[in-house]
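Working notes, beginning with the structure itself.
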Amino acid sequence: LLEKDRLFAEATLDHDELRLYEQIYEQIALEAPVPDLVIYLQAPVDVLMRRISKRGRGYERHIDMNYLQRLSDAYTRLFHDYAAAPVLIVNATEIDLVDNERDYAQLLEQIRVIRSGRHYFNPLPLELQGGV
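Its first residue numbered 7, the sequence shown is counted upward by one per residue in my numbering.
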């Protein structure tokens, strides 16, 4: 999703770099494919910071809360207005799509039924799923 790249450019590039990026972006955007579906996994910044810390990736070590908050706000604005493809906004605060098959199955079921528009999905928390 090319529009997503612009968010990172605006958050990290200085004025001159951003001007150059914008010139290139305008050319690339003309040929960028439109996705069949956009899935936005949304969670509070404190949850994102805990997950980043837990992963322990060296290149993520210096991400700070202010930067992450700016990106989160920008993503929220982008996907609130995005109309080029269907959008599924997932409350990812309490889910684990990597290690919990039920969370993953719930998400797949939502994906299967979406054809157009904007949709919001609040998966059942682990304690309400039963048998976990």
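Think of the CB as a built atom: it goes at the ideal place given N, C-alpha and C, for glycine as much as any other residue.
Within the same chain, show all residues whose beta-carbon is closer than 6 Å to that of residue i, passing over the 5 residues directly before and after it, in chain order.
i, result
"L130", "none"
Closest by CA to residue i, which one among the options?
i, options, result
"Y55", "N72, V44, I45", "The question names Tyr, but residue 55 is Met in the sequence shown. Looking at the Cα atoms, N72 is the closest of the given residues."
"E37", "R25, G64, L8, A15", "L8"
"L43", "F85, H68, T18", "F85"
"V104", "P41, R57, R63", "R57"
"L113", "R67, R61, I45", "I45"
Leaving aside the five residues before and after residue i along the sequence, list all residues of the same chain whose C-beta is less than 7 Å from its C-beta, in chain order.
i, result
"I101", "D109, P129"
"A15", "L24, Y27"
"T18", "none"
"D70", "none"
"L74", "V51, L54, M55"
"E66", "I58"
Just to confirm, is the Cβ distance from residue i to residue j under 8 Å?
i, j, result
"N106", "F127", "no"
"V53", "T99", "yes"
Which residues in the same chain have their Cβ closer than 8 Å to the Cβ of residue i, if we skip the five residues on either side of it in sequence?
i, result
"Y31", "L8, D11, R12, A15"
The segment 40-56 contacting the segment 78-91, beta-carbon criterion three pairs below 8 Å: Touching, yes.
With contact counted as at least three CB pairs below 8 Å, one residue from each stretch, are the segment 80-94 and the segment 120-129 in contact? Yes, since at least three Cβ pairs between the segment 80-94 and the segment 120-129 fall closer than 8 Å, the two stretches touch.
Please specify which runs of the beta strand (DSSP E), each continuous and at least 3 residues long, are wholly inside the segment 44-118, giving them in chain order. Given a length threshold of 3 residues, each whole run of the beta strand (DSSP E) inside the segment 44-118 is given here in chain order: 44-48, 93-97.
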